[in-house]
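Chains as they are written, first to last, in our numbering: chain A, 1 to 208; chain B, 209 to 832; chain C, 833 to 1188. Presented below is the structure to which this report refers.
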Amino acid sequence: MDLNKKFTPETWPDHPERATLEAKNKFVGFWLFLGGETILFATLFATYLALKNKGPSGFEFTTQGLFELPLVFVMTLLLLTSSLTSVYAMYHLRNYDFKKMQLWLVITAFLGLGFLALEMYEFVHYVKLGFTYDNSAFSSAFYTLVGTHGFHVAVGLVWITLLIYRNSKRGLNLYNATKFYTFSLYWHFIDVVWVFIFTVVYLMGVIG
Amino acid sequence: MSSVAQKRGFGATLWDWLTTVDHKKIGILYLLGGGFFFIVGGIEAMIIRLQLLTPNNDLVSAGIFNQMITMHGTTMIFLAAMPILIGFMNAIMPLQIGARDVAFPFLNSLGFWMFMFGGIFLNLSWFFGQVPDAGWTSYASLALVSEGHGVDFYAIGLQIAGGGTLMGGINFLVTIINMRAPGMTYMRMPLFTWTTFVASAMILFAFPPLTVGLFLLTFERMFGGNFFDHTMGGNTIIWEHIFWIFGHPEVYILILPAFGIFSEIFSIFSRKRLFGYSAMVFATVLIGFLGFMVWAHHMFTVGLGPTANAIFSVATMAIAIPTGVKIFNWLLTMWGGSIKITTPMLWALGFIPTFVMGGVTGVMLGTAPLDYQLHDTYFVVAHFHYVIVGGTVFGILAGLHLYWPKMFGTLLNEMLGKVTFWFFFIGFHLTFLIQHWLGFWGMPRRVFTYMDGQGWNSSNLISTVGALFMAIGITVLVYNIIVTSVKNVRVANDPWGDGRTLEWAIESPPLYYNFAQTPLVRGLDTVYIEKMEGNASGLTPAEPVQDIHMPNGSFIPFMMSLGLFIAGFGAMYRAEESWGLPVLIFGLLWTFIAMAMRSLKDDLGYYVKKDEILRDMKRKGGQK
Amino acid sequence: MMKGLKKWRLFSLLAALTVFLAGCGQEELSTLLPAGQVGKDQFKLLMLSSGIMLFVIVAVMVIYLIAIVRFRRSKLGEDHIPEQVEGSHTLELVWTVIPVLLVLLLAVPTVYYTYKFSNVTAMDVVDEEGNAENLVVDVTAKLYWWEFEYPNLGIVTAQELVVPTDEKVYFNLIAADVKHSFWIPAIGGKLDTNVENVNKFYLTFDKESKDLKDGVFYGKCAELCGPSHALMDFKVKTLPRAEFDKWVTAMKATGEETTDVAAAGQGEELFQQSCIGCHATSAVGESGAVGPNLASFGDRNRIAGFMDHDQESLVEWLSDTQEHKPGNLMPSFGEQLSDEELNAIAEYLMSLSVEK
């Protein structure tokens, strides 16, 4: 593949993310990977639901007492918005508009960073309350489920930062188009998982 | 980059193997790695059987015996059977679909090195004297109280190796979805490719639960987590569910590729198209699907209640139906054929009665109320050895003899191959048939000894003698491999003479780009069709001779796996040694930097020039 | 299932199978010689499933053998090219439908017995005076021994389960440390003793144990629980109801004996100093002791579950418990106590009996 091949918006293929065999492989492979990730999170959800509110005798933490919806709501907003901005980025990828794509990806990354910062604040807050990782089965399961999601967000941020940095000078080509595209897939996936966490852990925890 | 055998230094050869991304070489690496662990697991099995030779034997202590059974099971399943099968998938499947490599050659290499480093990590436990001893199932309550780092070696080692397997699964799926040659529709794929496809899909969905399970175990043992400790609100049954949600599909991951190999063998050596091909494909998919629905039949005695037990019982019995369809289709493939009994065929013929017996005892165990009696007895030991040895190991040994010429360019000695078979086959039934009765007679499994006077003595003696026979069989096989490798008589494209699928129409071993021209596939058993129509080469090209794009080798997979290996030790000693945490961070950083290098440095591969391909074609006189 | 005529038709098949399963093992621990209703039902299922399975094996083997005899290339000639048959819908249908029927044949009794064996509704039934109608035993599995508490009778024993014959005995099962599994092969199937929840089931004991080789049925731990998993045996003594009641009375009486230290022998005195912290010699009380209750030690069949029941073995056991049962929680007394003292304790323990 020729990295230096110059495209115009007219010659740029409709589906740049799967225009070559390598790209098609990455595209399908990444979807399958997300299928595996779904099972991984499903297992973590099941574990969490089984251990929710469980602790040693005299354990006092409950989902009702612990979680505060306003903070989580802001986090949800941030992440959902970042999903939307990554869609804009993909729109510009399709249209061969590298600058705008980069811009929207940077915005996506900052929104993700904001989410992560709030999550860290949330965890620190809980730990200060005495709800530490080794405190109970509930705390372990909670931090493992939500923390694994947070870890995925962090990985995504490092990934997109490297991608933006690496390609900042050379523009779009059929080699990196797939990379940007798979990132956005990943980002949507993280978002969907968060919607489930928001519902199952927080909403059902506080209300249900 | 020419395939001409050049005299190269040891260093260059080693570097080539450490950095290779060629699916055929990685297949060989898997075979070597898996073969090594197969021998290790076999030695552990022999120690188990020798300990049980007589009542009250004290060859090994109770503690060491538990380490032996744990490591035997773990090694054989994760480090021997699966890698060897993945080796065959690597070596053969791309050839069967007319591809030049797998979809992700780099990931392929990474998968191998992660398996290898994970396996080494696990087995280093022997040198630390702290060996996993909670059984290969590592049930939580026992695994939590197991002293020393034994279970940590298990959790971390399998985590690393399991990651590699998951990558392999995704890789094969994408390869089959995207890289089939023109004309190779799904319903023209050879059955081994189909079983690879279904087994890979099962890997994709079964390994994440294992990842989570091992992660929870690791964090509970090493980082203060509480998932299973009931005094902290945890629940040990969660582990059992997670383990078997992985563990049951795992046994189908082990058996399906073996089914694929046997399907090829019955067809080749009966000189006949596979009977009921579409039924076979459907049965394979159905088995893969049902494989996820029956995990709780390993837990009938846990106390899940009658409704759960009844449902899982009936679901389990249902699996017998597609499996039966397969057996009868194999029989009907032979029926009316022209059967030639070569070593691979001999293994396949040995497989049918053995596997049928293992299958029917499986249905008996699936009968929940009867399982209350048979669960965790020697009957279970007999059952799963009948299916895993009688199915998977027979399949591996059959595949080894069948594909040896394709992988190494020389035939294994047929005479010695048959000697191996008879020793192993007779030894196998001697070892395990009697164990069904030991189970009936009340002998629990995983016992390091048994008292005199319970009526088990002579049966255990017979069982141990049988194991010795199997050991002799394997020794003959190793001798066979050495002797034939030294003689190294080269063979042609299709040494068996009746090859029906694409891999038999190219050189043995194939050139590094497999196909000079991508073939056109005109039906199931395309090579057979071509030959019957008078095309002696068996191939019709689908493209003119042109430059071929190939991937570059890379040392990064090795480095990434090494980083995880180092981090594993750090995680294990984090709590008690001051160097633990720095080593953990160092290892993870190492892996991350290697990964970032891969990501930042463009790797676009290279082109094999048309001239070189034409030169190869002329010299080999092969494909036209 | 299997009623009337059908039963007789099956009978000949079962008889043939019984011959096939020639070795039936030993009465005290073989699942093939069941001595309780649950075990007998399970044996019936075993015979039924074996019958179906043998039928399958025979069918496969007949086709298999004919095929490899008739269609050998050596007979047909090197150049013979067989007809390339695609398959047959009729045949596919045949070998789908027949197995489906066979599976259904097995599935019906399977579901029936699954529910039957798990029916413990009678467990908590009490009569007009509030006494439990059925015998309930609380089993606690520990590393590596078994505690049996009779909550309605107020007594507790260990290692040797004593039960009346010909009535349903209900069990509450739990483990105190790691998971074990409670199994009396000759009586009926096993059930795990989990650490976090109580499992319940019932068994019936149809046969008195006194005529058996050792006078007891053998019980086993069936779940890997550590180094001495293999040695975690227990014994089951089955008595007619009247004798069982007598045994209960005698067990209750052990609680009334008060120890007069001055009058006690050397063995008892040493026991009071070294052992009483973990081991009770009174059967009256509740479960939860550190070590097995020894009130009826002299009546038992084995020491530590597996060693010969004599004074010599007992001294051996006391002096080095780890050597004999690695990983168990009882300290060794070989260095603390002299041979003479150990012998005295052993003698005392052997004298603890409710049956003599």
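Ideal placement from N, C-alpha and C gives every residue a C-beta, glycine not left out.
Cα-Cα separation, A:Ile197 to C:Met879: 51 Å
Quick check on B:His834 - is its C-beta less than 7 Å from some C-beta in chain C? The requested residue 834 of chain B does not occur in the structure, where chain B is confined to residues 209 to 832.
Work out the CA separation of C:Asp1046 and B:Ile549 for me, nearest whole Å. 54 Å
7 Å Cβ cutoff, B:Val655 in contact with chain C: yes
Here's the rule I'm using: 16 or more other beta-carbon atoms within 10 Å means buried, otherwise exposed. How should B:Phe559 be labelled? buried
How would you call B:Asp810, buried or exposed, if buried means at least 16 neighbouring beta carbons within 10 angstroms? exposed
Cβ-Cβ separation, A:Asn25 to B:Val382 (assumed contact under 8 Å), whole Å: 5 Å
Sorted by chain position, which residues of the same chain lie with C-beta nearer than 7 Å to B:Thr628's C-beta, five sequence neighbours on each side aside? Gly681, Val684, Leu685 and Asn688
Which residues of chain A have a Cβ atom closer than 8 Å to the Cβ of B:Thr709, listed in chain order? Ordered by position in chain A, no residue passes the 8 Å Cβ test against B:Thr709, which lies about 23 Å from the chain.
Shortest alpha-carbon distance to A:Leu163 belongs to which of A:Gln102, A:Gly205, A:Val195 and A:Asp191? A:Gln102
Which residue or residues does DSSP assign as beta-bridge partners of C:Leu1005? C:Val971 and C:Asn1031
Are the CB atoms of B:Ile764 and B:Ala804 nearer to each other than 7 Å? no
Note down the Cα distance separating B:Ser210 from B:Gly496, rounded to an integer number of angstroms. Confidence at B:Ser210 is low in this model, with a pLDDT of 42, below 50, so its placement is unreliable and no value can be given for it.
Buried or exposed: where does C:Lys1069 fall if 16 or more other Cβ atoms within 10 Å of its Cβ makes it buried? buried
Does the beta-carbon distance from B:Asn668 to B:Leu260 come in below 7 Å? yes
In this structure, does DSSP put A:Tyr48 in helix, strand or coil? helix
Under 7 Å between C-beta atoms of C:Val1162 and C:Thr1153: Residue 1162 of chain C is actually Met in this sequence, not Val. In contact: C:Met1162 and C:Thr1153 (Cβ atoms closer than 7 Å).
Please state whether the Cβ-Cβ distance between A:Leu3 and A:Asn135 is less than 7 Å. no
Quick one: Cα of B:Leu366 to Cα of B:Gly343, how far? 14 Å
Checking 7 Å against the spacing of the C-beta atoms, do A:Leu32 and B:Ile411 come in under that value? no
With three or more C-beta pairs closer than 8 Å as the rule, is the segment 927 to 935 of chain C touching the segment 747 to 759 of chain B? no
Chain-ordered neighbours of B:Val589 on chain C, where CB pairs are closer than 7 Å: Within 7 Å Cβ-Cβ: nothing; B:Val589 doesn't reach chain C, min ~12 Å.
Starting from A:Phe142, trace the alpha helix (DSSP H) both ways and give me its first and last residue. Ala137 to Asn167
List, in chain order, every chain B residue whose beta-carbon is nearer than 8 Å to that of C:Thr946. Pro514, Asn517, Ala518, Ser521, Ala576 and Pro577
Based on DSSP bridge pairs, tell me the residues matched to C:Phe980. C:Val971 and C:Thr989
Could I get the ranges of all uninterrupted alpha helix (DSSP H) runs contained in the segment 580 to 605 of chain B, with 4 residues as the minimum, in chain order? 586 to 595
Residues in the same chain with beta-carbon distance under 6 Å from B:Phe454, minus the five sequence neighbours each way, listed in chain order, please. Ala414, Pro417 and Leu418
Whose C-beta lies closer than 6 Å to the C-beta of C:Leu861 among residues of the same chain, with five residues either side of it excluded? Pro1017, Ala1018 and Tyr1050
Who are the Cβ neighbours of C:Gly1117 in its own chain at under 6 Å, not counting the five residues just before and after it? Val988
Which runs of the alpha helix (DSSP H) fall wholly inside the segment 383 to 451 of chain B and span at least 4 residues, in chain order? 399 to 430
Could you give the distance in angstroms between the alpha-carbon of B:Ile294 and the alpha-carbon of B:Asn386? 19 Å
Could you please give the first and the last residue of the uninterrupted beta strand (DSSP E) stretch that includes B:Asp341? No beta strand (DSSP E) contains B:Asp341, which DSSP labels as neither H nor E.
B:Leu608: buried (16+ other C-beta within 10 angstroms of its C-beta) or exposed? buried
Does the CB of C:Phe1141 have a neighbour CB from chain B at under 7 Å? The amino acid occupying residue 1141 of chain C in the given sequence is His; Phe does not appear at that position. It does not: the Cβ of C:His1141 has no partner Cβ on chain B nearer than 7 Å.
If you reduce the DSSP assignment to three classes, tell me which class B:Ala311 lands in. coil
Candidates A:Phe67, A:Phe59 and A:Val106, of which the one nearest A:Gly208 by Cα: A:Phe67
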